[in-house]
Amino acid sequence: MSLMQNLYDCHVHLNMTQFDSFRDSLIEECAKCLDFCINVGYNEKSSEESLLLAYKHPFIKAAVGLHPSYASQADQRFLDRLSKMLLEEEVAALGEIGLDYYWMKAPPDIQKKVFTEQMELAAQHKKPVIIHDRESHKDTIDILKAFRGRVRGVLHSFSGDRKMAHTAME
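Its first residue numbered 78, the sequence shown is counted upward by one per residue in the working numbering.
And the structure:
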């Protein structure tokens, strides 16, 4: 039993390989103390796995999306698949999406394009987003401004300052 009522974890990756040997027992323990959690996808495979976990465990909701590190893998087929996944009742959010100029695994122009495309899907499907922002504050804010009033969500991996936080909340 949870020490707190209404305890949620809004960002887990229960499908990652380091949990393979004890995933079932981990999920069982999480179910005892969490009212719900959001298992967050970061590429196509992990998004599919996240959705499968949500089908199997009622306290798990899925977030599906393409992390900026995988932005170079985005194509129309994936975006179409993502749009279909967003129709599923088990999908709580679109994420983990955004920009990451620290690791720079995909060029900034590709990251911005894919982030914008996913924000557009979030607006169309009226789903909140889980935004990854690392060393990309100005571009992240510029894209958020373009969707002001159309998309809501949370900033994750946020490393900006107080001014940026206030701007993002506007």
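A virtual CB, placed ideally from N, CA and C, is assigned to each residue, including glycine.
With a threshold of 16 other beta carbon atoms within 10 Å, residue 92 meets it and is buried. Taking every protein chain shown into account, the CB of residue 217 has 16 or more other CB atoms within 10 angstroms, so this residue is buried. Rounded to whole angstroms, the separation of the alpha carbons of residue 187 and residue 229 is 23 Å.
Judged by DSSP in its simplified three-state form, residue 148 adopts helix. Around residue 227, the same chain offers 200 as residues with beta carbons nearer than 6 Å, after the five sequence neighbours per side are excluded. In the DSSP assignment, residue 216 is bridged to no other residue.
Around the beta carbon of residue 114, 16 or more other beta carbons sit within 10 angstroms, so the residue counts as buried. Assignment of residue 211 by DSSP, reduced to helix, strand and coil, places it in the strand class.
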